[in-house]
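Residue numbers are given in our numbering: position 121 of the sequence shown equals residue 118, and the series is strictly consecutive. We put the beta carbon where it would ideally sit given N, CA and C, even for glycine.
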Amino acid sequence: MFFRSVISAGLIAGSMLVGTAATAAADPPGCTAADLAGVMSGVNAATQSYLFSHPDVNAFFTGLKGKSREQMATEIAAYADANPQVRDELRGVRQPAADFRERCNAPVPGGPMGAPAPDGPMGAPVPEGPMG
């Protein structure tokens, strides 16, 4: 009886793995939801580290809270123009997300009502609302 249960469980698990492998094989390498989650986790952690180690940049982005999307876009563009090194460093931090979008033909995260959000001057989509 125990032996039969073990074999049944093994067959069920094996069929689940085969079904999962077929689904995953349909996507280009490294383009699964899990891959996206991993990339974005890394980008978010690197952004956090950057902002904590650059208090002036952190203060600027924190100051955007409560502003309209248009105001944020204007202020971010002006800040990027005035601080090209910060702009380039933040683009570097976000590069893995851009690489993922390019490699996997993934759209830029949506803006209001599902419309694509334009890339801002820092290489990130312009936030939809306060603090993104």
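Check                                                                                                                                                : Outcome
Taking the C-alpha atoms as reference points, what is the distance between VAL90 and ASN80?                                                          : 16 Å
Should LEU61 and ASN55 be called a contact, given that it needs their Cβ atoms to be closer than 7 Å?                                                : no
Quick one, are the C-beta atoms of PRO104 and VAL40 less than 7 Å apart?                                                                             : no
Quick one: give me the first and last residue of the alpha helix (DSSP H) that PRO52 is part of.                                                     : 52 to 59
Are ALA77 and ARG88 touching if we call contact CB-CB under 7 Å?                                                                                     : no
DSSP three-state call for SER46: helix, strand or coil?                                                                                              : helix
At which residues does the alpha helix (DSSP H) containing ALA79 begin and terminate?                                                                : 66 to 79
Which residues in the same chain have their Cβ closer than 6 Å to the Cβ of ALA95, if we skip the five residues on either side of it in sequence?    : none
So, with DSSP's three-state summary, where would you put GLY63?                                                                                      : coil
So, at 6 Å on beta carbons, what are the nonlocal neighbours of SER65 in its own chain, with the 5 sequence-adjacent residues on each side left out? : none
Taking just the CA atoms, how far does ALA31 sit from ARG98?                                                                                         : 14 Å
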